[in-house]
Amino acid sequence: MRRPASPRPRRALRGARITLATVVAFVLAVGGFVPAAAAAALPAQAMESDAASSVDSLIRPMTLEGFNPENLIDDALFFDGSAMTAAEIQRFLDEKDRCTNSRCINTGTTSISSRGAVISHRTGNVVCNAIEGGTMRISELIHRVQVACGISAKVIIVTLEKEQSLVTGRLPTERNLNFAMGANCPDTAPCDPAYSGIGPQILAG
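For the sequence shown, this note's numbering gives the first residue as 156, with consecutive numbering after it.
Written out as structure tokens, the structure is:
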């Protein structure tokens, strides 16, 4: 036996439509398109119909056209050592910032030691060129790693967000910073403390 459909969603939708209709009428009145008195006198049924059409027009069916789960990003985009300038990285972090404490990555700095070139043990090829150390803004470190390692800054930024929500998070913790990229943090063991901190994490990420 099928349970009767609950009427609550219909009432909620009707309420949302009425609210939208009220907002639309208010905006039109303030904008000078319809006198306030005329807007208030619009028949409720007509307003609900218009609001329903507005709501329906905003709904778009989800499509997976063009999505290939075997190729989330092209190699040319992933290994783009000039994808963003340091200024563009900083501007992006500022635009996405919602952080309300002292651990915000758009205003934070980090200190790192200079690092020599990283050579692949398997191929003998240079994986990353040398990176000069010092104290710098996090955006500058992201840029240096992008240039030295040929990894797009966009990939690094996405990883910071994916792992610890450091781009848009409101209250990042010290732990979030210590394990910023998830580097050397295996699923079956604690993170390696030698790579603790946002600077070492971005370098190793």
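All C-beta atoms in this analysis are idealised placements derived from N, C-alpha and C, irrespective of residue type, glycine included. Predicted, not measured: the structure shown is a model, and the values here were computed from it.
Residue i versus residue j: straight-line alpha-carbon distance, rounded
i, j, result
"CYS346", "GLY337", "8 Å"
"LYS251", "ILE274", "35 Å"
"CYS340", "LEU332", "13 Å"
"LEU227", "ASP342", "23 Å"
"ILE267", "THR218", "44 Å"
"PRO348", "PRO355", "10 Å"
"LEU315", "ARG292", "15 Å"
"ASP229", "ASN284", "22 Å"
"GLY263", "THR290", "11 Å"
"GLU329", "GLU220", "40 Å"
"ILE286", "ARG246", "23 Å"
Proximity below 8 Å, CB of residue i to CB of residue j
i, j, result
"LEU358", "VAL300", "yes"
"SER320", "ILE244", "no"
"VAL310", "PHE222", "no"
"SER307", "ALA238", "yes"
"ARG253", "ARG325", "yes"
"ARG270", "GLY288", "yes"
"GLY279", "GLY236", "no"
"LEU296", "THR265", "yes"
Exposed unless 16 or more other CB atoms sit within 10 angstroms - verdict on residue i
i, result
"PRO216", "exposed"
"PHE334", "buried"
"ILE353", "buried"
"ASN261", "buried"
"PRO327", "buried"
"HIS298", "buried"
"ALA303", "buried"
"VAL322", "buried"
"LEU248", "buried"
"GLY360", "buried"
"ILE312", "buried"
Under the three-state DSSP convention, the category residue i falls into
i, result
"GLY354", "helix"
"VAL300", "helix"
"GLY186", "Residue placement at GLY186 is flagged as unreliable, the pLDDT there being 41, under the threshold of 50; the coordinate-derived value follows with that caveat. Reduced to three states, the DSSP call for GLY186 is helix."
"ARG330", "helix"
"SER294", "helix"
Completely contained alpha helix (DSSP H) runs for the stretch 215-258, where each covers 4 or more residues
230-233 and 241-251
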